[in-house]
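*Asks:* Residue numbers (UniProt numbering): 1 to 589.
I'd like to ask you about the structure that follows.
The structure is reproduced here in structure tokens:
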């Protein structure tokens, strides 16, 4: 039986299908059709098609002039779609965009009863590149200013009559420096009775700032935004914090004092999670003047550690860490306090969230590894986790190993060594090595644990897995530097595995061990001799250079056996790459 047909889509898929060459030109012709001009429903459907193409990434800027002519309509849906189109393409067509200025200002000043609709005007007014809309001081006469020649000189025009809509019929008033903007719709939006309009106006200011920084910094907008931090609507305050941080980025972000911080913290429960994150970012940059103030702030923020949103918890943790950075004893207690919230976040949520939380834990482990040491089993790898999560867990496990947990961790990491994921296997080998090199395990049982790790690595050398053997040889070089008393166990295995080693870094590690500890291995010169005789077949310069260095070191330890071999090696090296040739000549001299 054939599979049942999929249910029909709730939306109209025709807007996103049937894309054929020349479709944009057809839309252009349809918008010019007089019958479409008189039928608002047909016009709406055509503009829907234009917006759909724009959403798909198709360039529809060719019909900019036709879309501009549609802005003067009583159909609210069509007008909103035209505004959305203008927001995306007005910068590229600034000259044609002048055609819709009067309509935009009319929509702002006339349709005052609909705050939601007025808020749609703000993004359009904010997006015109080097074009800012003003009004004559003390009047309601629309006025637009275009930045034509120099960044400090503006040219202003006004309509010849109140009914004029022809853009060519404008009277040039004067060339002037930045005119007063207290009647600018953007400025009006910041004091609007609707919170929706105010929060949109704040983002509009930020948009204008992205187009011209001096215009905003030289005006009173920054002071206005600071005053709006005390706005009664939380969303408006959140947008103000974002805008001020962006505008004041060159000065280190928003400037805060004790009054601003306490005001935000006392209202933090009114904000949504995004707003709380903005407040926490501001608080993290504040430096209190006394320890009492630090403790007061942390007491206020304590409930935020128990919320379910990871961004809020991590933002609160950042505040705690920054506030106590210069208080060592309290700082350690803060790390301990953050342990349970971090583990809770890690236990639930998506893999992406776990990856972010694990990286925060890894940073904490780098400073205070003992905080998470009792919970080492929480970082064992699960079979269904993505690779990037597994890799971070390996780094954490290697950092939190202590006396009571190192044996279990080594056993767990040894299981990962045989994983089908070769990169995970290599990282597990490196993690075991890092535990031995980076940790001391205290004084009790120190040698026993180190010996156990080296013995485990020797077992890896005899595995029939090339990538495990190669990675083990690379890390074994560092282990023998720190624990030279275990060299005999390793040297006994080397002659059996050398013929199987093809990886250049692994070959370098083997050759280094033969040169460094060759006096303890009876067959060391003869093992090197096989490598010297195949010198011409070796491609990697790193292997050739390591062979030169190891042969010379072993020559000083066992000269009778190495003399003839070293001579042949130096002669063969003269014909190799420039670096090998230069090194061999310096050794021969």
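Backbone N, C-alpha and C fix where the C-beta goes; we use that ideal spot for every residue, glycine too.
Small disclaimer: the values here were computed from a predicted structure and weren't measured.
Going straight from the alpha carbon of residue 138 to that of residue 202, what length do you get?
*Replies:* Residue placement at residue 138 is flagged as unreliable, the pLDDT there being 35, under the threshold of 50; a coordinate-derived value is accordingly withheld.
*Asks:* What does the alpha-carbon distance come out to for the pair residue 382 and residue 416?
*Replies:* Taking the straight line joining both Cα atoms gives about 11 angstroms.
*Asks:* Express the C-alpha separation of residue 563 and residue 409 in angstroms, rounding to a whole number.
*Replies:* Taking the straight line from one Cα to the other gives about 47 angstroms.
*Asks:* Let's test the definition: count the other Cβ atoms within 10 Å of the Cβ of residue 530 and tell me whether it reaches 16, buried, or not, exposed.
*Replies:* Exposed, since its Cβ has fewer than 16 Cβ neighbours within 10 Å.
*Asks:* Where does residue 325 sit, in a helix, a strand or coil, going by DSSP?
*Replies:* Coil, per DSSP.
*Asks:* Looking only at its chain, what residues have a beta carbon closer than 8 angstroms to the beta carbon of residue 461, apart from the 5 residues adjacent to it on each side?
*Replies:* So the list reads 469, 472, 473, 476, 490, 493, 497, once near-sequence residues are dropped.
*Asks:* Can you tell me whether DSSP reads residue 141 as helix, strand or coil?
*Replies:* With a pLDDT of 40 at residue 141, under the threshold of 50, the modelled position of that residue is not reliable, and the figure given next carries that caveat. If DSSP states are grouped into helix, strand and coil, residue 141 belongs with coil.
*Asks:* Indicate whether residue 268 and residue 276 have their beta-carbon atoms separated by less than 8 angstroms.
*Replies:* Cβ atoms of residue 268 and residue 276: closer than 8 angstroms.
*Asks:* Rounding to the nearest angstrom, what Cα-Cα distance links residue 467 and residue 25 in this structure?
*Replies:* Cα-Cα distance, rounded: 59 angstroms.
*Asks:* Is the distance from the Cβ of residue 315 to the Cβ of residue 281 below 8 angstroms?
*Replies:* For residue 315 and residue 281, yes; Cβs fall inside 8 angstroms.
*Asks:* Can you tell me whether residue 39 is buried or exposed, with buried defined as 16 or more other CB within 10 angstroms of its CB?
*Replies:* Its Cβ having fewer than 16 others within 10 Å, residue 39 is exposed.
*Asks:* Report the three-state DSSP secondary structure of residue 263 (helix, strand or coil).
*Replies:* Residue 263: helix per DSSP, three-state reduction.
*Asks:* Can you tell me whether residue 50 is buried or exposed, with buried defined as 16 or more other CB within 10 angstroms of its CB?
*Replies:* Residue 50 comes out buried.
*Asks:* Does DSSP classify residue 438 as helix, strand or coil?
*Replies:* Reduced to three states, the DSSP call for residue 438 is helix.
*Asks:* Just confirm the distance between the C-beta atoms of residue 486 and residue 454, as a whole number of angstroms; I'd bet it's less than 8 angstroms.
*Replies:* About 4 angstroms separates the two Cβ atoms, so the contact holds.
*Asks:* Determine the extent of the alpha helix (DSSP H) in which residue 283 is found, giving its start and end residues.
*Replies:* Taken as a continuous stretch (DSSP letters only), the alpha helix (DSSP H) holding residue 283 covers 273 to 284.
*Asks:* Could you tell me the distance, in whole angstroms, from the CA atom of residue 431 to the CA atom of residue 367?
*Replies:* If I take the Cα positions, the gap works out to 18 angstroms.
*Asks:* Which residue from 68, 541, 120, 84 puts its Cα closest to that of residue 97?
*Replies:* Nearest of 68, 541, 120, 84 to residue 97, Cα basis: 68.
*Asks:* Looking at the unbroken alpha helix (DSSP H) that takes in residue 100, where does it start and where does it end?
*Replies:* Neither: residue 100 is in no alpha helix (DSSP H) and is coded neither H nor E.
*Asks:* I need the straight-line Cα distance from residue 433 to residue 60, nearest angstrom please.
*Replies:* When rounded, the distance between both Cα atoms is 59 angstroms.
*Asks:* Beta-carbon within less than 6 angstroms of residue 122's beta-carbon, same chain only, minus the 5 sequence neighbours each way: which residues are those?
*Replies:* So the qualifying residues of the chain are 189, 200, 201, 204.
*Asks:* Kindly confirm or deny that the segment 543 to 551 and the segment 510 to 521 touch, where touching means at least three C-beta pairs closer than 8 angstroms.
*Replies:* They touch, by the three-pair rule.
*Asks:* Where do the ends of the alpha helix (DSSP H) carrying residue 44 lie?
*Replies:* 40 to 55 is the extent of the alpha helix (DSSP H) around residue 44.
*Asks:* Take the Cβ of residue 571 as the centre, count every other Cβ of all protein chains shown within 10 Å, and call the residue buried at 16 or more, exposed below.
*Replies:* With fewer than 16 Cβ atoms within 10 Å of its Cβ, residue 571 is classed as exposed.
*Asks:* What's the C-alpha gap between residue 457 and residue 257?
*Replies:* Distance between the alpha carbons of residue 457 and residue 257: 57 angstroms.
*Asks:* Hey, quick one: how far does the alpha helix (DSSP H) through residue 195 stretch, first residue to last?
*Replies:* Looking at the DSSP string, the run of the alpha helix (DSSP H) that includes residue 195 is 195 to 211.
*Asks:* Let's see if you can read the secondary structure: which residues bound the alpha helix (DSSP H) around residue 475?
*Replies:* Run containing residue 475: 466 to 482, per the alpha helix (DSSP H) assignment.
*Asks:* Whose C-alpha, out of 31, 350, 226, is nearest the C-alpha of residue 62?
*Replies:* Cα-wise, what sits closest to residue 62 is 31.
*Asks:* Under the three-state reduction of DSSP, which class applies to residue 67: helix, strand or coil?
*Replies:* Reduced to three states, the DSSP call for residue 67 is helix.
*Asks:* If we ignore side chains and look at the alpha-carbon of each, how far apart do residue 182 and residue 221 end up?
*Replies:* At residue 182 the pLDDT is 32, less than 50, meaning the model places this residue with poor confidence and gives no usable figure here.
*Asks:* Can you tell me whether DSSP reads residue 218 as helix, strand or coil?
*Replies:* DSSP places residue 218 in coil when its eight states are reduced to three.
*Asks:* Which of the three DSSP states is assigned to residue 257 in this structure?
*Replies:* Coil.
*Asks:* Which stretch, first to last residue, makes up the alpha helix (DSSP H) that contains residue 399?
*Replies:* Residues 387 to 400.
*Asks:* Does the segment 244 to 258 touch the segment 207 to 226, meaning 3 or more C-beta pairs lie closer than 8 angstroms?
*Replies:* Output reads yes: the segment 244 to 258 touches the segment 207 to 226.
*Asks:* Taking the straight line between their C-alpha atoms, what separation do you get for residue 198 and residue 242?
*Replies:* Spanning the two alpha carbons is a distance of roughly 14 angstroms.
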